[in-house]
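Numbering (full-length UniProt numbering), first residue to last: 1 to 113.
In this text, a Cβ means the ideal position worked out from N, Cα and C, and glycines have one as well.
Contents: one structure, followed by commentary.
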Amino acid sequence: MATALSEDIALTPSAAARVAAIAAKQGKPALLRLSVEGGGCSGFQYKFELAEGPEGDDTIAETDGVRLVVDPVSLDLVRGASVDFVESLGGAAFRVTNPQAASGCGCGTSFSV
């Protein structure tokens with residue numbers, strides 16, 4: 001059964017608004033899945049995708065009606081993190097502020113622990 005442990009992971013209002021806009025445009029639920037995979041220039045990389053629903057053992061954080069889901073293996077690597085959506089001259093992207101990351105790459109999509 002999925003659990004809601006908002007203290008484990010957070011979704012900012014800016015990220016929630018962006019997910020809601022993308023989901024509405026694609027006709028999907030406002031549900032963002034964050035997973036961590038091996039690879040990237042620092043060892044691990046973040047992967048984002050819209051999901052149809054949470055899996056049975058996902059952790060769920062909700063902000064403004066938008067849900068962020070994370071599987072248990074990925075949660076161990078991002079516990080305490082915050083997912084934000086930032087826009088700058090370099091572009092717009094989801095950004096993870098991960099207190100467990102010992103180092104990261106310049107693009108912000110990969111990290112090491």
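{"Item": "Do you know offhand how far T63's Cα is from P13's?", "Value": "6 angstroms"}
{"Item": "In the DSSP assignment, what are the bridge partners of A81?", "Value": "I9"}
{"Item": "For G65, which of G90, V19, E87 and R33 has the nearest alpha-carbon?", "Value": "V19"}
{"Item": "The ligand GDP heavy atoms versus the CB of A17: any closer than 7 angstroms?", "Value": "As far as ligands go, the structure on display features none, and thus does not contain the ligand GDP."}
{"Item": "List the residues that DSSP assigns as beta-bridge partners of I22.", "Value": "DSSP output for I22 lists no bridge partner at all."}
{"Item": "Looking only at C-alpha atoms, which of L75, Y46, S82 and F94 sits nearest to A58?", "Value": "It should be pointed out that residue 58 corresponds to Asp in this sequence rather than to Ala. The residue with the shortest Cα to Cα distance from D58 is L75."}
{"Item": "Would V83 and L11 be called neighbours here (beta carbons separated by less than 8 angstroms)?", "Value": "yes"}
{"Item": "If we count the other Cβ atoms within 10 Å of its Cβ and call it buried at 16 or more, is A101 buried or exposed?", "Value": "buried"}
{"Item": "For V96, which residues from the same chain have a beta carbon less than 7 angstroms from its beta carbon, with the 5 sequence-adjacent residues on both sides left out?", "Value": "Y46, V78, A81 and V83"}
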